[in-house]
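In case it helps, this note's numbering puts the sequence shown at residues 1187 to 1414. Notes follow the structure.
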Amino acid sequence: MNNSLHVAIIMDGNGRWAKARGLPRTSGHHAGVRALRDTVEKAAQSNIHTLTLYAFSSDNWRRPKAEVTALMQLLCTQLPLEAARCEKQQIRLSVIGRRDRLPNPVLQEIRKAEARTRHSNKLHVRLALDYSARDALERAAIHVGQNGNGGFVHALAQAYNASAPVPDVDLLIRTGGEQRLSDFLLWECAYAELYFTPCYWPDFGKEGLAEALAVFDARQRRFGGVPA
Ligand code: IPE
Ligand code: IPE
Ligand code: MG
């Protein structure tokens, strides 16, 4: 059995899931919320201390305005519901990424969700919104350059509004079939095990996570050393 893990997920494939069913892309995002709920529940029962979920990248602002608006509205309605579920399960919910471009109602729901779950310590779920690893790395580098060597990892956490650094990613999962990082946790994934599945995010859920964890368990990590 591994020590407790940091698992990160690029939740991709909502649009294609919907298209395959003749539904609008936004239905895919709604279905994605249900998958998120199941995955978080499963994570809380697994050997995971932190689950970082990529929900909206800084490049996602380039999508059609109607889709962006629908996603922001979905966040507004779902954040309070998720926070309530998390609170019951002793899960801490926080958001990483830029905060200066999110609509005000979303910001308010983020603050409420974080406050409501701040003392929960069973699992830490971090939702990445308006997140770009490169942007955060660049800002952290500027900060360290201007303020002397204050510890790069702390500056990085600060650059994407995390309250504190968390351990590196152990397992990075991407659903939806693409095999790329799309600017997610570039620094923290230095030695992450990568797991790509063709499964669209709305179909991932508990079984998907269980399978990914089983594959992870069978991997041998060496961190540049030689096998024990
Ligand atoms: C991921 O699903 C969700 C977000 C990026 C918000 P997509 O919307 O990227 O779905 P596909 O990749 O188009 O199928
Ligand atoms: C990455 O998915 C971002 C999220 C899942 C939130 P995208 O669908 O935006 O990534 P690309 O465009 O396929 O690289
Ligand atoms: Mg996509």
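Note that the Cβ used here is the ideal one computed from N, Cα and C, for glycine as well.
Relative to the non-hydrogen atoms of ligand 3, the Cβ of G1363 never comes closer than 7 Å to any of them. Placement of the Cβ of D1245 at a distance of less than 7 Å from at least one heavy atom of ligand 2 is found. Within the chosen limit of 7 Å, ligand 2 does not reach the beta carbon of M1258 with any heavy atom. About 6 Å separates the beta carbon of D1354 from that of Y1377, a gap short enough to meet the 8 Å contact definition. In the three-state reduction of the DSSP assignment, S1280 falls in the strand class.
For H1305, there is no enclosing beta strand (DSSP E), as DSSP gives it neither H nor E. Boundaries of the alpha helix (DSSP H) harbouring E1393: 1391–1403, taken from the DSSP string. In the DSSP secondary-structure assignment, A1314 is bridged to Y1240, I1282. Taking non-hydrogen atoms of ligand 1 into account, the C-beta of R1312 is found less than 7 Å away from none of them. In the displayed model, F1382 falls within a strand according to three-state DSSP. L1342 has its alpha-carbon roughly 21 Å from the corresponding atom of R1297.
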